[in-house]
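Numbering (my numbering), first residue to last: 1067 to 1468. Everything on this sheet refers to the single structure shown next.
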Amino acid sequence: MQQTLTHQQLVDIANEFGTPVYVYHAERIAGQYQQLKNAFKDSNARFFYACKSLTNINVLRYINSLGASLDCVSIYEVKLGLMAGFEPKNILFTPNCVDFDEIVQAKELGVNINIDNISILEQFGSKYGNSYPVCIRLNPHIMAGGNFKISTGHVDSKFGISIHQMRHIERVVKTTNLNVEGVHMHTGSEIKDINVFLLGLDVMLNTIEHFPNLKYIDLGSGFKVPYQPGDSETDVDLLGQKIAQAFLQFENKKVKDLAVWFEPGKYLVSQAGYFITKTNVIKQTPAALFAGVNSGFNHLIRPMMYDAYHHIENITNPTGAERIYNVVGNICETDTFAYDRKINEIREGDYLVFYNAGAYGFEMSSNFNSRLKPAEVLVKDGKAQLIRRRDEFEDLLRNQVI
Ligand SMILES: *Cc1c(COP(=O)(O)O)cnc(C)c1O
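Shown next, in the form of C-alpha cells:
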C-alpha cells in the first residue's frame, strides 16, 4: 500500500506555510520508483526521471539519491540536473526544435543526446562524426495518449524522425560515420493501454539491424496514474513481464544485450503532490453553487488546459454534508477547476486540497493577472520543509527595466 499524507498533516502545513501551497511527499516518490524497478526487474531497465514534470532542485536531488537518472527537454533542465548532482552520463537530453547551439552545449556538458530531426542529425554528424554517440528519436506513427495536446507519436506530430525515413537516416549515419547508441520513442502521456508500448517496442526492435552499435532502446514514458477515485492506471507489472518476454522472443539475438530505458515523469511525482488552497468566497447563482478559492489556472492549469480531473477534498470540514459545487479560481476569465463536484460542505475559509498535483502543477504555473506563485513544501521523514518561498510583490517586477 502506497503512502499518502493525512488531512491533519495537510492542514498543519497550510497553517504553517500559508496557502496556496504545493506539498510533495518524498517517500511516495520513492515508492513509485520502487514499483517501476520491481515491474521491470526482468529487463536491463533504467529510469530517467522526466524532470519537466517537477524541477524543484530539492526534488531533483532527492530523486538522484534514489539512484534514478534524468531526462531533460531543455539545456536549462540539463544544468539544473547537473547542479542537483546527476552525473552527465545519467542525463539524457531530449529536446525538440532547438537551435543546434543547444545541442553543442549539451555535448560539451557530456550528457546523452537524443536527436529528433534529420537536419540536426546531419549537422551533428558533420561536426563530430563518430566521436560522440547519439540516440535517435523515431516517430513510430502510433496514436496514443489521454489528450491530443499530449499525444506525440502520431503521424501529424512534430516529434521524432518518421520510421519511414529510415533510408535517409541510414544515409546520414553512413556518410558522417555517426555512432548511434540508442533509438527512442515517446508516444504521449496518460497511456493506459500497454499494447501501445508493446507495439512501439516492436517498431523499435525492427530498427536494430540498421544500427550495429546500438546499446539501448528508449521507450519514453506516458504511464497513466489514477486521477479519479477508482480510476485505472497503466499495469506496469504486466508491461514489465511482456517487455521482458518480447526481448527474449525477438528472433535477432543481438537484442538480449540491449538495455531498455524509460522516462517517467508523471508516474514518479504526480501522486506525491498535493495542492492546498483556501476558499475565499461561496457564491450561489441562479445556476450553480460556486466555491471560489485563492488560486486559479495560473497555479494549476491542467483542468483548463487538458480537461484534467483533479480530486478535491475539503480538509477542514471532512464530515460536512455533501453538496454539489463548481470549484473556481480567481482569474479574470472562465477559470474552473471542477464542475458539479460533490464535496463536503465548503465554508468560506475552508482549505480544499487538490490531489495528484505533483506533476505539471507548479511547473506550469505563471504570474498571470499579476498574482504570486505559490510556495512549495517537501515532506520527508515526517518533517515538512519549505523548498521554495512564495512569490512576493517584488518578484513581479524582477527583470523589468523601469
Ligand atoms: C513529457 C515527456 C516524458 C514524460 O511524460 P509523462 O507522461 O510525464 O511520464 C518523457 N519523455 C519525453 C520525451 C517527454 O516529452
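A virtual CB, placed ideally from N, CA and C, is assigned to each residue, including glycine.
Assumed close pair residue i, residue j - CB separation to whole angstroms, cut-off 8 Å
i: residue 1325; j: residue 1112; result: 6 Å
i: residue 1085; j: residue 1396; result: At roughly 12 Å, the Cβ-Cβ gap does not stay under 8 Å, so residue 1085 and residue 1396 are not in contact.
i: residue 1416; j: residue 1383; result: 5 Å
i: residue 1220; j: residue 1209; result: 4 Å
i: residue 1094; j: residue 1338; result: 4 Å
i: residue 1309; j: residue 1265; result: The pair is not a contact, with the Cβ atoms about 12 Å apart (cut-off 8 Å).
i: residue 1143; j: residue 1121; result: 6 Å
i: residue 1206; j: residue 1253; result: 7 Å
i: residue 1375; j: residue 1294; result: 5 Å
i: residue 1075; j: residue 1097; result: With a Cβ gap of about 16 Å, residue 1075 and residue 1097 do not count as contacting.
i: residue 1441; j: residue 1083; result: 5 Å
i: residue 1262; j: residue 1187; result: That belief does not hold up - the Cβ atoms of residue 1262 and residue 1187 are roughly 26 Å apart, past 8 Å.
i: residue 1445; j: residue 1175; result: Rounded, the Cβ-Cβ distance is 32 Å, inconsistent with contact.
i: residue 1196; j: residue 1156; result: Incorrect: roughly 22 Å between the Cβ atoms, too far for contact.
Residue i vs residue j beta-carbon contact at 9 Å
i: residue 1358; j: residue 1302; result: no
i: residue 1411; j: residue 1386; result: yes
i: residue 1177; j: residue 1381; result: no
i: residue 1419; j: residue 1091; result: no
i: residue 1401; j: residue 1341; result: no
i: residue 1299; j: residue 1279; result: no
i: residue 1443; j: residue 1099; result: no
i: residue 1132; j: residue 1284; result: no
i: residue 1487; j: residue 1287; result: No information on residue 1487 is available, as it lies outside the stretch 1067 to 1468 that the chain covers here.
i: residue 1378; j: residue 1305; result: no
i: residue 1102; j: residue 1333; result: yes
i: residue 1270; j: residue 1367; result: no
i: residue 1335; j: residue 1125; result: yes
i: residue 1291; j: residue 1245; result: no
i: residue 1119; j: residue 1448; result: no
i: residue 1277; j: residue 1321; result: no
i: residue 1204; j: residue 1229; result: yes
i: residue 1211; j: residue 1256; result: yes
i: residue 1422; j: residue 1457; result: no
i: residue 1137; j: residue 1105; result: no
i: residue 1227; j: residue 1274; result: no
i: residue 1140; j: residue 1161; result: yes
i: residue 1344; j: residue 1080; result: yes
i: residue 1438; j: residue 1389; result: no
i: residue 1352; j: residue 1404; result: no
i: residue 1435; j: residue 1398; result: yes
i: residue 1365; j: residue 1428; result: yes
i: residue 1108; j: residue 1350; result: no
i: residue 1173; j: residue 1194; result: yes
i: residue 1182; j: residue 1202; result: yes
Cβ-heavy atom distance, residue i to ligand 3, below 8 Å
i: residue 1362; result: By its list of ligands, the structure shown excludes ligand 3, since it contains just ligand 1.
Identify every run of the alpha helix (DSSP H) within the region 1335-1415, keeping only runs that are complete inside it and at least 4 residues long; order them along the chain.
1368-1372
I'd like the ranges of any beta strand (DSSP E) spanning at least 3 consecutive residues and lying wholly in the region 1178-1262.
1178-1181, 1200-1205 and 1246-1250
Contained beta strand (DSSP E) runs [length at least 3] in the region 1095-1170, N- to C-terminal order
1111-1116, 1135-1138 and 1157-1159
Considering only residues of the region 1263-1324, which uninterrupted beta strand (DSSP E) runs meet the minimum length of 3 residues and lie entirely inside it, listed in chain order?
1282-1284
Kindly confirm or deny that the region 1449-1456 and the region 1141-1154 touch, where touching means at least three C-beta pairs closer than 8 Å.
no
Could you tell me whether the region 1157-1169 touches the region 1313-1323, where touching means 3 or more Cβ pairs closer than 8 Å?
no
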